[in-house]
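Residue numbers (the numbering used here), protein chains in the order written: chain A, 1 to 116; chain B, 117 to 230.
Below you'll find the structure, written out as structure tokens, and then a few comments.
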Amino acid sequence: AQSVSQHNHHVILSEAASLELGCNYSYGGTVNLFWYVQYPGQHLQLLLKYFSGDPLVKGIKGFEAEFIKSKFSFNLRKPSVQWSDTAEYFCAVNARENFGNEKLTFGTGTRLTIIP
Amino acid sequence: DGGITQSPKYLFRKEGQNVTLSCEQNLNHDAMYWYRQDPGQGLRLIYYSQIVNDFQKGDIAEGYSVSREKKESFPLTVTSAQKNPTAFYLCASSTRTGSFYEQYFGPGTRLTVT
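Rendered as structure tokens:
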């Protein structure tokens, strides 16, 4: 079965700091990987996704993530955060065994607080 | 304006009562999902449906039931058998773009059972 680990539960940064949120998954085969963001009071929305091809994917609002297959990781990065990035971030995986039913497994989430 | 609606936003029930959460989408998506979100536990899949009149259990289906009689609607019933029903419930739907499915989420319903 697939599982996702997000080891950073709460991250606090100052504006303009660089961000990296960790995401590791456990599944030996082909995967689709996602980062979702939940801004305060808003819907959960897709930040970026990896399906195939270039392992460095770019998303909305200056976020990017790198898929490193050998490390089973899909860490989220942003070179300079803004106060508006304050939100909860979820990593999710869909393993090949679930292709066709699109069952996403989510991590426990990382709460990001940006201090102005 | 296309999207997913969940009603109500807040729901309060007494222990022992069944309660049904509404989820409607006008995105013409085939697949729909119900998740439960608890602090520190992320989102956990309760039920999902890929087509009308068909649905499958997710990871935590016990104490819940669903129906999918129409493409647009996927109501979730939280029964009295659910031992810890107080939570934030999210509905999602998905469409296929090329060979990739993206899930879109509704605003959620916060259920409190006392």
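Heads up, the beta-carbon is just placed ideally off N, CA and C, and yes, glycines get one too.
For Q45/A, the uninterrupted beta strand (DSSP E) segment begins and ends at 44 to 50. When beta bridges are read from the DSSP output, N32/A appears opposite N94/A. When CB distances to chain A are screened at a threshold of 8 Å, not a single residue of the segment 176 to 197 of chain B falls below it. Under the three-state reduction of DSSP output, D85/A falls in the helix class. Between the segment 25 to 44 of chain A and the segment 215 to 227 of chain B, the count of Cβ pairs shorter than 8 Å is three or higher; the stretches touch.
By the C-beta density criterion, F106/A is buried, having at least 16 other C-beta atoms within 10 angstroms. The CB of Y205/B never comes closer than 9 Å to any CB in chain A; the least such distance is about 12 Å. Distance check between F63/A and each of Y25/A, K78/A, N94/A places K78/A closest, using alpha-carbon atoms only. The beta-carbon of L47/A is placed no less than 7 Å from the nearest beta-carbon of chain B. Here the segment 192 to 211 of chain B makes contact with the segment 137 to 153 of chain B; the two share three or more CB pairs at distances below 8 Å. Per DSSP, the beta bridge partners of E140/B are T121/B, S189/B.
With respect to chain A, the C-beta atom of Q141/B has no partner C-beta closer than 7 Å. K187/B and I167/B have their alpha carbons spaced roughly 7 Å apart. Distances from the CA of D54/A to each of T86/A, N32/A, V81/A were compared; the closest alpha carbon is that of N32/A. Cβ-Cβ distances below 7 Å link Q153/B to L159, A203, F204, L206 in the same chain, with the five nearest sequence neighbours on each side left out; the list follows chain order. It is roughly 6 Å from the alpha-carbon of V229/B to the alpha-carbon of F128/B. Taking every protein chain shown into account, the CB of T121/B has fewer than 16 other CB atoms within 10 angstroms, so this residue is exposed. Inter-residue distance for L19/A and Q2/A is about 26 Å (C-alpha atoms, whole angstroms).
Distance from the CA of S80/A to the CA of A17/A, rounded to the nearest whole angstrom, comes to 5 Å. Under DSSP, the beta-bridge partners assigned to K78/A are L19/A.
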